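Visitor: Start counting the sequence shown at 20; every next residue gets the next number (this note's numbering).
Note that the Cβ used here is the ideal one computed from N, Cα and C, for glycine as well.
Note that the coordinates shown come from a computational prediction; the quantities given were computed from them, not determined experimentally.
Could you have a look at this structure, given as structure tokens, before my questions?
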Amino acid sequence: MSEEAPDPQHLVPATGRWPQGGLSAAGIRLRVWSTDDVPALLELQEDPDMRRWSPVFNTPDAADCVERVRKAVQAEEEGRPNSFAIVDDDDPRQVLGSIDWRNTHPMWPFSILDVGYGVSPGARGRGVASTALRLLAEWLLDPAGGDVHRVQLDHAVENEGSCRTAVRAGFAIEGRRDVFLPLRESPDAAVVRHDVCLHGRVRR
Ligand SMILES: CC(C)(COP(=O)(O)OP(=O)(O)OC[C@H]1O[C@@H](n2cnc3c(N)ncnc32)[C@H](O)[C@@H]1OP(=O)(O)O)[C@@H](O)C(=O)NCCC(=O)NCCS
20 MSEEAPDPQH LVPATGRWPQ GGLSAAGIRL RVWSTDDVPA LLELQEDPDM RRWSPVFNTP
80 DAADCVERVR KAVQAEEEGR PNSFAIVDDD DPRQVLGSID WRNTHPMWPF SILDVGYGVS
140 PGARGRGVAS TALRLLAEWL LDPAGGDVHR VQLDHAVENE GSCRTAVRAG FAIEGRRDVF
200 LPLRESPDAA VVRHDVCLHG RVRR
């Protein structure tokens, strides 16, 4: 490997430049979760489609949501926000969905981030998820902010809405990974590992 390790600040991707007030476009805004959002976050996590397509096995409860908000606030305080409410730009108290990223390959020089998202039933079908995903990806891949060259996501091959959302947000379809994502068709059903479609958006 001839490439030199970047500045230590850049070893942690997406550090220290989250704009005050968050990111916005086309009537939506991404902002870090606040404690006032706990009921909306719980309602979102309880949505049957969210539970159907996300690898979440525990029944969502308020304590989980409080903890998730606490971690999101802490990450922001450390200069590395990673979990966001998608809100209405005209009324930022109104939560429309959620989006977050995690560092699946934390060792330099990989810096590959995975993204996950979901939108409330009442806010679907008007560009919320694809706009949020595009905003977050462009922020993560901005050379000014860190050593991130690849943002990726995968969804069950049956989840056409997520596939079209990713494509709309500039994530190419890259292939299929078999027997990958453990999901339940309903809360009492057995776990089935679904084949997934992999998408990536990169900075070259
Ligand atoms: C999938 C989901 C995030 C889409 O959110 P959304 O805000 O409605 O998506 P958008 O309005 O940005 O739509 C983007 C594209 O996807 C298409 N789309 C959205 N939902 C769709 C669906 N259920 N079936 C087919 N296409 C769909 C839109 O028509 C649009 O297509 P276009 O670019 O050709 O115009 C939302 O339905 C959801 O939260 N589902 C449950 C959780 C989930 O599946 N999360 C992803 C796990 S990988």
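Quick check on the burial criterion: 16 or more other C-beta atoms within 10 angstroms. Buried or exposed for PRO45?
Guide: Along the sequence shown, one-based indexing puts residue 45 at 26. Looking at the sequence shown, residue 45 is not Pro but Ala. Residue environment for ALA45: exposed (fewer than 16 other C-beta atoms within 10 angstroms of its C-beta).
Visitor: Using the beta carbon as the reference atom, which residues fall closer than 6 Å to any heavy atom of ligand 1, ordered along the chain?
Guide: ASP68, MET69, TRP72, SER73, TYR136, GLY137, VAL138, ARG143, GLY144, ARG145, GLY146, VAL147, ALA148, SER149, HIS174, ASN178, GLU179, GLY180, SER181, ARG183, THR184 and ARG187
Visitor: Would you kindly work out how many angstroms separate the C-alpha atoms of HIS213 and GLY189, rounded to a whole number?
Guide: Locating residue 213 in the sequence shown gives position 194, counting from the first residue. Locating residue 189 in the sequence shown gives position 170, counting from the first residue. C-alpha separation (whole angstroms): 24 Å.
Visitor: SER102: buried (16+ other C-beta within 10 angstroms of its C-beta) or exposed?
Guide: In the sequence shown, the residue the question calls residue 102 occupies position 83. Counting Cβ neighbours within 10 Å, SER102 comes out buried, since at least 16 surround it.
Visitor: When burial is assigned at 16 or more other CB atoms within 10 Å of the CB, is ASP197 buried or exposed?
Guide: For the purposes of this step, residue 197 is taken as the residue at position 178 of the sequence shown. Its Cβ having fewer than 16 others within 10 Å, ASP197 is exposed.
Visitor: Taking the straight line between their C-alpha atoms, what separation do you get for GLN93 and TRP37?
Guide: Taking the sequence shown and counting its residues from 1, the one referred to as residue 93 is at position 74. Taking the sequence shown and counting its residues from 1, the one referred to as residue 37 is at position 18. Rounded to whole angstroms, GLN93 to TRP37 spans 14 Å at the Cα level.
Visitor: Put LEU61 into one of helix, strand or coil per three-state DSSP.
Guide: The sequence position of residue 61 within the sequence shown is 42, counting from 1. It is helical.
Visitor: Below 9 Å between beta carbons: does that hold for ARG220 and LEU160?
Guide: Position 201 of the sequence shown, counted from the start, is the residue given in the question as residue 220. Position 141 of the sequence shown, counted from the start, is the residue given in the question as residue 160. Closer than 9 Å, so yes.
Visitor: Does the beta-carbon of ALA208 have 16 or more other beta-carbons within 10 angstroms, so that it is buried, or is it exposed?
Guide: Your numbering for residue 208 matches position 189 in the sequence shown. Flag for ALA208 reads exposed.
Visitor: For VAL211, count the other beta carbons within 10 Å of its own beta carbon; 16 or more makes it buried, fewer makes it exposed. Which is it?
Guide: Counting from one through the sequence shown, the residue named residue 211 turns up at place 192. With fewer than 16 Cβ atoms within 10 Å of its Cβ, VAL211 is classed as exposed.
Visitor: Alpha carbon to alpha carbon, how far is VAL170 from LEU49?
Guide: Within the sequence shown, residue 170 is the residue found at index 151, counting from 1. Within the sequence shown, residue 49 is the residue found at index 30, counting from 1. Looking at the two C-alpha atoms, the distance is approximately 17 Å.
Visitor: Whose C-alpha, out of ALA185, GLY194, GLU193 and GLY180, is nearest the C-alpha of MET69?
Guide: As a working mapping, residue 69 is identified with position 50 in the sequence shown. Closest option to MET69, Cα to Cα, is GLY180.
Visitor: What does DSSP give as the partner residues of ARG195 in its beta bridges?
Guide: Here the question's residue 195 lines up with position 176 in the sequence shown. BP columns for ARG195 point to CYS216.
Visitor: On the DSSP letters alone, give me the boundaries of the alpha helix (DSSP H) that ALA148 sits inside.
Guide: Residue 148 sits at position 129 when you count from the first residue of the sequence shown. That run of the alpha helix (DSSP H) goes 147 to 160.
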